[in-house]
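These notes are about the structure you will find just below.
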Amino acid sequence: IRDRHKLVRDAAREWVKRAVSPIIEEACQKAVFPKELIGGLAEIGAFGPYIPTEYGGAGLDQISYGLIMQELERGDSGVRSTASVQSSLVMYPIWKYGNEQQRQKYLPKLATGEWMSCYCLTEPGAGSDANSGKTKAVLTEDEKHYLITGKKMWISNAGFADVFIVFARIENDKNITGFILEKGMEGITLGEEEHKLGLNSSSTRQVFFNEVKVPVGSLLGGRENGFKIAMNALNVGRIKLAAAILD
Numbered sequence: 627i628r629d630r631h632k633l634v635r636d637a638a639r640e641w642v643k644r645a646v647s648p649i650i651e652e653a654c655q656k657a658v659f660p661k662e663l664i665g666g667l668a669e670i671g672a673f674g675p676y677i678p679t680e681y682g683g684a685g686l687d688q689i690s691y692g693l694i695m696q697e698l699e700r701g702d703s704g705v706r707s708t709a710s711v712q713s714s715l716v717m718y719p720i721w722k723y724g725n726e727q728q729r730q731k732y733l734p735k736l737a738t739g740e741w742m743s744c745y746c747l748t749e750p751g752a753g754s755d756a757n758s759g760k761t762k763a764v765l766t767e768d769e770k771h772y773l774i775t776g777k778k779m780w781i782s783n784a785g786f787a788d789v790f791i792v793f794a795r796i797e798n799d800k801n802i803t804g805f806i807l808e809k810g811m812e813g814i815t816l817g818e819e820e821h822k823l824g825l826n827s828s829s830t831r832q833v834f835f836n837e838v839k840v841p842v843g844s845l846l847g848g849r850e851n852g853f854k855i856a857m858n859a860l861n862v863g864r865i866k867l868a869a870a871i872l873d
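Position in the sequence shown (from 1) plus 626 gives the number in the working numbering.
Structure, rendered in structure tokens:
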């Protein structure tokens, strides 16, 4: 790796030793994410490090991102997972597939950790076959909103998310469509925190949508493009997971 990569890696390593290591055992025992780490995660570039500076990102390369994830994994898998969801599964698709208004609205606040986020794809009957999800999006009569109804499960970061990437099917479309939802929209409710065998410091919950009224401008990347968006976001996350477990 090059000198610039070493600087990124060393900064992340020092922060993990100083901020994560002293508190992570207690956080895992309590099964809660230590929110006091959010500011530090943003400072070391763990939230969308490859996002261009014009959107609040650090403008780093993918090698830098992998090195940051590797250092976070050494500190705690749950902390790494929290950052990876924010970066790979939410910020990446907004940057890659969102329109300019969506990029300007969401990316800067996600990059600083002012807003946290989650990625709502998996359903009780749609895991490995994600495109078979039953969550529905129904266009209102005035064609200004979609009403989203359905259930998602095993959603990382759900317990403290401000932004939700949600995949739903419009009418009888062959492929699902992506939407950007926000905390506080009427009809969004959360299940209890899941008790897991690992990743204990991360938040994992079910998310329920009951006719959540979403502006048509919240559609992400075009109708029926949701499956492509979902898979490409997961591919980015998997590459970083591979980097994280290397020592």
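Glycine is no exception: its CB is placed at the ideal position from the N, C-alpha and C atoms. Computed from a predicted structure; not experimentally measured.
Expressed to the nearest angstrom, what Euclidean distance is found between the alpha-carbon atoms of residue 780 and residue 772? The count along the sequence shown starts at 1 and reaches residue 780 at position 154. The count along the sequence shown starts at 1 and reaches residue 772 at position 146. Near 24 Å, if we compare the C-alpha coordinates of residue 772 and residue 780.
To the nearest angstrom, report how far apart residue 667 and residue 739 are at their CA atoms. Your numbering for residue 667 matches position 41 in the sequence shown. Your numbering for residue 739 matches position 113 in the sequence shown. If I take the Cα positions, the gap works out to 8 Å.
Rounded straight-line distance, which links the Cα of residue 763 to that of residue 775: Here the question's residue 775 lines up with position 149 in the sequence shown. Here the question's residue 763 lines up with position 137 in the sequence shown. Each residue's alpha carbon lies about 7 Å from the other.
Taking the C-alpha atoms as reference points, what is the distance between residue 655 and residue 826? For this step, residue 655 is matched to residue 29 along the sequence shown. For this step, residue 826 is matched to residue 200 along the sequence shown. Answer to the nearest angstrom: the Cα atoms are 7 Å apart.
Would a C-beta distance cut-off of 8 Å place residue 672 and residue 694 closer than the cut-off? In the sequence shown, counting from the first residue as 1, residue 672 sits at position 46. In the sequence shown, counting from the first residue as 1, residue 694 sits at position 68. Taking 8 Å as the Cβ cut-off, residue 672 and residue 694 qualify as a contacting pair.
Cβ neighbour criterion (16 or more within 10 Å) applied to residue 868: In the sequence shown, the residue the question calls residue 868 occupies position 242. With fewer than 16 Cβ atoms within 10 Å of its Cβ, residue 868 is classed as exposed.
Bridge partners of residue 773, per DSSP? Position 147 of the sequence shown, counting from 1, holds the residue named residue 773. Bridge partners of residue 773: 764 and 839.
C-beta atoms of residue 830 and residue 859 nearer than 8 Å: Start at 1 with the first residue of the sequence shown, and residue 830 comes out as number 204. Start at 1 with the first residue of the sequence shown, and residue 859 comes out as number 233. No, the Cβ-Cβ distance between residue 830 and residue 859 is not below 8 Å.
Terminal residues of the beta strand (DSSP E) in which residue 804 lies: Translated into the one-based positions of the sequence shown, residue 804 becomes position 178. Membership of residue 804 in the beta strand (DSSP E) is indicated by the continuous run 803-808.
Please list, in chain order, all residues of the same chain as residue 679 whose beta carbon is under 8 Å from its beta carbon, the five residues on each side excluded. Taking the first residue of the sequence shown as position 1, residue 679 is located at position 53. For residue 679, where only same-chain residues beyond five positions count, the Cβ hits under 8 Å are 685.
Could you check if residue 863 is buried or exposed, using at least 16 other CB atoms within 10 Å of its CB as the buried criterion? Position 237 of the sequence shown holds residue 863. By the beta-carbon neighbour count (other beta carbons within 10 angstroms, threshold 16), residue 863 is buried.
Residue from 717, 855, 727 and 634 whose Cα sits closest to the Cα of residue 669: If you number the sequence shown from 1, residue 669 lands on position 43. Closest option to residue 669, judged by alpha-carbon separation, among 717, 855, 727 and 634: 634.
Measuring straight from C-alpha to C-alpha, what distance separates residue 640 and residue 719? If you number the sequence shown from 1, residue 640 lands on position 14. If you number the sequence shown from 1, residue 719 lands on position 93. Roughly 30 Å separates the two Cα atoms.
Since residue 794 is in the alpha helix (DSSP H), which residue starts that stretch and which ends it? Against the sequence shown, residue 794 aligns to sequence position 168. Element bounds for residue 794: not the alpha helix (DSSP H) but the beta strand (DSSP E), 789-796.
Since residue 782 and residue 711 should fall inside the 8 Å C-beta cutoff, what is the C-beta to C-beta distance between them, to a whole number of angstroms? Locating residue 782 in the sequence shown gives position 156, counting from the first residue. Locating residue 711 in the sequence shown gives position 85, counting from the first residue. Sure, about 5 Å apart at Cβ, within 8 Å.
Straight-line CA distance for residue 691 to residue 810? Position 65 of the sequence shown, counting from 1, holds the residue named residue 691. Position 184 of the sequence shown, counting from 1, holds the residue named residue 810. Answer to the nearest angstrom: the Cα atoms are 31 Å apart.
At the level of alpha carbons, what is the spacing between residue 730 and residue 846? Start at 1 with the first residue of the sequence shown, and residue 730 comes out as number 104. Start at 1 with the first residue of the sequence shown, and residue 846 comes out as number 220. The alpha-carbon atoms of residue 730 and residue 846 are separated by roughly 14 Å.
Distance between beta carbons of residue 786 and residue 747, contact taken as under 8 Å: The sequence position of residue 747 within the sequence shown is 121, counting from 1. The sequence position of residue 786 within the sequence shown is 160, counting from 1. At roughly 19 Å, the Cβ-Cβ gap does not stay under 8 Å, so residue 747 and residue 786 are not in contact.
When you compare the CB of residue 672 with every CB in chain B, is at least one pair closer than 8 Å? Given the protein chain composition of this structure (a single chain), no chain B is represented.
Neighbourhood of residue 812 by C-beta, 8 Å cutoff - its chain only, sequence neighbours within 5 removed: Sequence index remark: in the sequence shown, residue 812 carries index 186 (1-based). Shown here for residue 812: same chain residues with a beta carbon closer than 8 Å to its own, the five before and five after excluded, namely 838 and 839 in chain order.
Distance CB(residue 741)-CB(residue 788) smaller than 8 Å: Locating residue 741 in the sequence shown gives position 115, counting from the first residue. Locating residue 788 in the sequence shown gives position 162, counting from the first residue. Contact: yes.
Give every residue of the same chain whose Cβ lies closer than 6 Å to the Cβ of residue 844, excluding the five residues on either side of it in the sequence, and list them in chain order. Start at 1 with the first residue of the sequence shown, and residue 844 comes out as number 218. Correct list, in chain order: 805 and 806.
By DSSP's criteria, residue 658 is part of a beta bridge. Which residues make up the other side? On the sequence shown, residue 658 is found 32 positions in, with the first residue counted as 1. Its beta-bridge partners do not exist; DSSP assigns none.
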